[in-house]
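Chemist:
Structure follows, in structure tokens:
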């Protein structure tokens, strides 16, 4: 099958335009008709067709779209149009993720209101989408920056607050010094701000969080529901980000401190090997312990802390940098053996991992070992990684420092002593030097030590997660105001629901420049309010919400985009949701998808929806590259969307993009053949022009060979589309157009019923990729109405059966003849025909056939040896 579009000059020697195919005029004609008729609006309650909800990740209105966006929205339209042809009531809405930093930064640069820049860009986007021929339900438009939308963000926030899932705390946060706002962990890429690229630092602030960690197990376990429906890469990224670890919480006493310190460990079996404790220098615990030490320790600790605060988490977690730390002159007590463990503050432990403290077992953890060697701390081996897990258990004696006593030359454990080699023993083995655990395997030792700790009240089985609670506070203007009130007596209470939406004030007169505090704090009149319980003066919360809150539930708002009384009706959610096909870039594999999954589970627990995963199927497209990198406005390497709508035109752009390769692959724009796509579309259009038979012609009387090509495509295309092999469908369409052209020029001619049938099938299938041209062909072929809503033509089963096939006859491994035989021939008859063939007889030259292998209907293999 050819995968290259027909780029040859039309048979009459003309260019596409000279042959009468005027792409731009056709575009304008059908866009006007669609705008008037609105044929793609989803059916209402009385529509009895089965339903499909198709959704593209909605765009951010940062200037106009470019061809990177065009790829994603071409795929969205293919899927939506396909399901309409298959008889479904399709919901395919469009909206704009219109809050966020780019609009605010652009407004600051221009001295304008972010609203002006945002809504001007939205209007340009709408125009571009209409020019692209996107089959949206335009009655359900939403913008997240409309008060009618963000009112329900505020409603959702308050519901989470009521359930204990929205809370405020002081903690070290990621701080972008350029944008002067906090960032969630997911918005920090390689230590830099995802938006502006500035290096991120740590800063201690009191912020609002959503308690996503309460849902960690469900977020992880429910990924099993998505196996086979989401890309495996995305599922793996989600699992890794949640990062569940199973082990134990162990309580350590601290000398001179009443309260114990809890440490999480995935290897509690190595507790006897702990030789020191490490705490995160930016944790409250480290500050407290240092405060209880000498003035010299306090000074050293403060200097170290200031240095650490300039480091990123990525740098602190790096394994190839020297270990640094400060001894706090404090000691913890090992609960299993009473040993005193010196406590150090070191940057390789993070404040938000586990409990901000770790028990260091240097013999069996590489980072601990590197630290121990750097500061000459003890290394005690408690797992013999050379011992077999089954069979005899060797007895290993250790000296007073926990180092194996070498019983003789060549002893493997002695050779592997971590204190000498600098390589931690991280493998499995048998426990040694661990009292009641000696001789046990890792698995059994973990179970035993947890039993002992639980019985003693000094520990318990526990889980830990890489996932952290979702930090949603932002110190910027252009976002949803947090609907909470701070009272004079220190309470934090919700804005009364009847006062929602709490709208943003007028931006004019406000200093929007980033300065570390929210610009809303400068809107003095707006900030002033009253305590709803006492009537006393109070202040509003000055922060706005992370824009990922906006996109975490927008797919539900589309179900009632114009309803002022509720976020979404549960009845509509029952009808349409979850989303059947969700389409967008893999760059959202963690941030947006994880948050949407969390909010969906909260809404399920609230009884508002009856499903726990928002997107049943996920399609991730690759990137469009220009000059070797992803198209990006910030990089300046892009092809503007609007310009391509004129030349080469929407349909040629769509066909060229879809045909360029598999959906999930990156494509280089330099390799995309819009010229070839134009010529293919002109060729298809001329086929329709050349048909001379009437619409009611009897197709069965047409050329059987062409009919078989048509019906095989009608049969194969649905499966190919559902497998997202869109480029293969385009290639097969090219073959059908070429076969139809051949039938017109050299076969039965333009009046052949099979030619009309092929042209009509071409128009219907071409609607998925080039809707303007498809509609024009449909009209030329004599039909009223829109081809975009025509039911899929069912293939004739009799035309899918091959009447004859080519059978190959081999003699001693060499092909000696080919036979045209019935497709359903049996082995006996096929062998008989092969033996009787003159070419076979001549090739045998009197030799006897000693063995015959017959695989009907295509292979006969004779051996003469």
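Numbering (the numbering used here), first residue to last: -8 to 856.
Note that beta-carbon positions come from the ideal geometry of N, C-alpha and C, so glycine has one too.
Which of helix, strand or coil does DSSP assign to residue 2?
Modeler: Here the question's residue 2 lines up with position 11 in the chain shown. Low per-residue confidence applies at residue 2: pLDDT is 40, beneath 50, and the placement is therefore not dependable, though the value from the model is reported in the following sentence. The answer is coil: DSSP assigns residue 2 none of H, G, I, E or B.
Chemist: Taking the alpha carbon of residue 918 as the reference point, which residue from 340, 266, 298 has its own alpha carbon closest?
Modeler: Any answer about residue 918 is impossible in this case: the structure gives the chain only from -8 up to 856.
Chemist: To the nearest angstrom, report how far apart residue 183 and residue 190 are at their CA atoms.
Modeler: Residue mapping note: residue 183 aligns to position 192 of the chain shown, counting from 1. Residue mapping note: residue 190 aligns to position 199 of the chain shown, counting from 1. Cα to Cα, residue 183 sits roughly 4 Å from residue 190.
Chemist: To the nearest angstrom, how far is it from the Cα of residue 432 to the Cα of residue 720?
Modeler: For the purposes of this step, residue 432 is identified with residue 441 of the chain shown, where counting begins at 1. For the purposes of this step, residue 720 is identified with residue 729 of the chain shown, where counting begins at 1. Each residue's alpha carbon lies about 57 Å from the other.
Chemist: Given this structure, state the Cα-to-Cα distance separating residue 24 from residue 777, to the nearest angstrom.
Modeler: By 1-based counting over the chain shown, the position of residue 24 is 33. By 1-based counting over the chain shown, the position of residue 777 is 786. Taking the straight line joining both Cα atoms gives about 9 Å.
Chemist: Which whole runs of the beta strand (DSSP E) in the stretch 222 to 253 are 3 residues long or more, in chain order?
Modeler: 235 to 245
Chemist: Under three-state DSSP, which class holds residue 611?
Modeler: Within the chain shown, numbered from 1, the residue matching residue 611 stands at position 620. DSSP places residue 611 in strand when its eight states are reduced to three.
Chemist: Looking only at its own chain, which residues have a Cβ that is under 6 Å from the Cβ of residue 59, when we skip the five neighbours before and after it?
Modeler: For the purposes of this step, residue 59 is taken as residue 68 along the chain shown, with counting starting at 1. Cβ neighbours of residue 59 within its own chain (closer than 6 Å, five residues either side excluded): 615, 622.
Chemist: Would you identify the three-state DSSP class for residue 813, choosing helix, strand or coil?
Modeler: Position 822 of the chain shown, counting from 1, holds the residue named residue 813. Of the three classes helix, strand and coil, the one that applies to residue 813 here is strand, per DSSP.
Chemist: Between the beta-carbon of residue 272 and the beta-carbon of residue 317, is there less than 9 Å?
Modeler: Stepping through the chain shown from its first residue, residue 272 is reached at position 281. Stepping through the chain shown from its first residue, residue 317 is reached at position 326. Cβ distance < 9 Å, so residue 272 and residue 317 count as in contact.
Chemist: According to the neighbour-count rule (16 or more other Cβ atoms, all chains shown, within 10 Å of its Cβ), is residue 290 buried or exposed?
Modeler: Against the chain shown, residue 290 aligns to sequence position 299. Exposed, because fewer than 16 other Cβ atoms sit within 10 Å of the Cβ of residue 290.
Chemist: Just curious, the beta strand (DSSP E) that residue 361 is in, first and last residue?
Modeler: For this step, residue 361 is matched to residue 370 along the chain shown. No beta strand (DSSP E) holds residue 361; the alpha helix (DSSP H) holding it covers 357 to 365.
Chemist: Can you tell me which of the three DSSP states residue 435 falls into?
Modeler: Your numbering for residue 435 matches position 444 in the chain shown. Helix, per DSSP.
Chemist: Can you tell me whether residue 717 is buried or exposed? The criterion is at least 16 other CB atoms within 10 Å of its CB, across all chains shown.
Modeler: As a working mapping, residue 717 is identified with position 726 in the chain shown. Classification of residue 717: buried, given that the 10 Å Cβ count is 16 or more.
Chemist: Near residue 796, which residues of its chain fall below 7 Å by C-beta distance, leaving aside the five closest residues on each side in sequence?
Modeler: Working through the chain shown from its first residue, we reach residue 796 at position 805. The residues are 812, 814, 848, 849.
Chemist: Determine the closest residue to residue 65 out of 122, 565, 801, 672, with distance taken between C-alpha atoms.
Modeler: For the purposes of this step, residue 65 is taken as residue 74 along the chain shown, with counting starting at 1. Of 122, 565, 801, 672, the residue nearest in Cα terms is 122.
Chemist: Between 705, 808, 746, 771, which has its C-alpha nearest residue 787's C-alpha?
Modeler: For this step, residue 787 is matched to residue 796 along the chain shown. The shortest Cα separation from residue 787 among 705, 808, 746, 771 belongs to 705.
Chemist: Rounded to the nearest angstrom, what separates residue 68 and residue 851 at their Cα positions?
Modeler: As a first step, residue 68 must be located in the chain shown, where it is residue number 77. As a first step, residue 851 must be located in the chain shown, where it is residue number 860. Spanning the two alpha carbons is a distance of roughly 48 Å.
Chemist: Is it buried or exposed, residue 36, if we count other Cβ atoms within 10 angstroms and call 16 or more buried?
Modeler: Looking up residue 36 in the chain shown gives position 45. The residue is exposed, with fewer than 16 neighbouring Cβ atoms inside 10 Å.
Chemist: Report the start-end ranges of each beta strand (DSSP E) in the stretch 644 to 732 that is 3 residues or longer and not cut off at the edges.
Modeler: none
Chemist: Quick check on residue 110: does DSSP put it in helix, strand or coil?
Modeler: Numbered from its first residue, the chain shown carries residue 110 at position 119. In this structure, residue 110 counts as helix in the three-state DSSP scheme.
Chemist: Return the residue from the list 134, 471, 680 that minimises the CA-CA distance to residue 111.
Modeler: Your numbering for residue 111 matches position 120 in the chain shown. The residue from 134, 471, 680 with its alpha-carbon nearest to that of residue 111 is 134.
Chemist: Comparing alpha-carbon positions, which option in 74, 641, 707 lies nearest residue 782?
Modeler: Stepping through the chain shown from its first residue, residue 782 is reached at position 791. For the residues 74, 641, 707, the minimum Cα distance to residue 782 belongs to 74.
Chemist: Count the C-beta pairs between the stretch 580 to 597 and the stretch 535 to 549 that are closer than 8 Å, then say yes if the count reaches three, no if not.
Modeler: yes
Chemist: Tell me where the alpha helix (DSSP H) around residue 409 begins and ends.
Modeler: Taking the first residue of the chain shown as position 1, residue 409 is located at position 418. 409 to 412 is the extent of the alpha helix (DSSP H) around residue 409.
Chemist: So is residue 181 buried or exposed if we call it buried at 16+ other beta carbons inside 10 Å?
Modeler: The residue labelled residue 181 in the question sits at position 190 within the chain shown. Under this definition residue 181 is an exposed residue.
Chemist: Quick check: what's the CA-CA separation for residue 257 versus residue 450?
Modeler: The residue you call residue 257 lines up with position 266 of the chain shown. The residue you call residue 450 lines up with position 459 of the chain shown. Whole-angstrom Cα-Cα distance: 13 Å.
Chemist: Is residue 406 helix, strand or coil when you go by DSSP?
Modeler: Working through the chain shown from its first residue, we reach residue 406 at position 415. Here residue 406 carries a helix assignment [DSSP, helix/strand/coil].
Chemist: With three or more C-beta pairs closer than 8 Å as the rule, is the stretch 293 to 302 touching the stretch 228 to 243?
Modeler: Using a Cβ-Cβ distance cut-off of 8 Å, the stretch 228 to 243 and the stretch 293 to 302 are not in contact, since fewer than three pairs of beta carbons, one from each stretch, lie closer than that value.
Chemist: Residue range of the beta strand (DSSP E) that residue 558 falls in?
Modeler: In the chain shown, counting from the first residue as 1, residue 558 sits at position 567. It is not in any beta strand (DSSP E) - residue 558 carries neither H nor E in the DSSP assignment.
Chemist: Of the residues 620, 445, 802, which one's Cα is nearest the Cα of residue 840?
Modeler: Here the question's residue 840 lines up with position 849 in the chain shown. Cα-wise, what sits closest to residue 840 is 802.
Chemist: Do you know how far the Cα of residue 139 is from the Cα of residue 562?
Modeler: Position 571 of the chain shown, counting from 1, holds the residue named residue 562. Position 148 of the chain shown, counting from 1, holds the residue named residue 139. One C-alpha to the other measures close to 20 Å.
Chemist: Quick check on this structure: which residue in 702, 78, 412, 79 has the alpha carbon closest to the alpha carbon of residue 370?
Modeler: As a working mapping, residue 370 is identified with position 379 in the chain shown. Looking at the Cα atoms, 412 is the closest of the given residues.
Chemist: CA-CA distance, residue 400 and residue 178?
Modeler: Position 409 of the chain shown holds residue 400. Position 187 of the chain shown holds residue 178. The pLDDT assigned to residue 400 is 38, lower than 50, so where the model puts this residue is not dependable, and the model offers no usable value.
Chemist: When the Cα of residue 313 is compared with those of 279, 284, 351, 359, which residue comes out closest?
Modeler: The residue given as residue 313 occupies position 322 in the chain shown. Looking at the Cα atoms, 359 is the closest of the given residues.
Chemist: Specify the secondary structure class of residue 314 as computed by DSSP and reduced to three states.
Modeler: Working through the chain shown from its first residue, we reach residue 314 at position 323. In this structure, residue 314 counts as coil in the three-state DSSP scheme.
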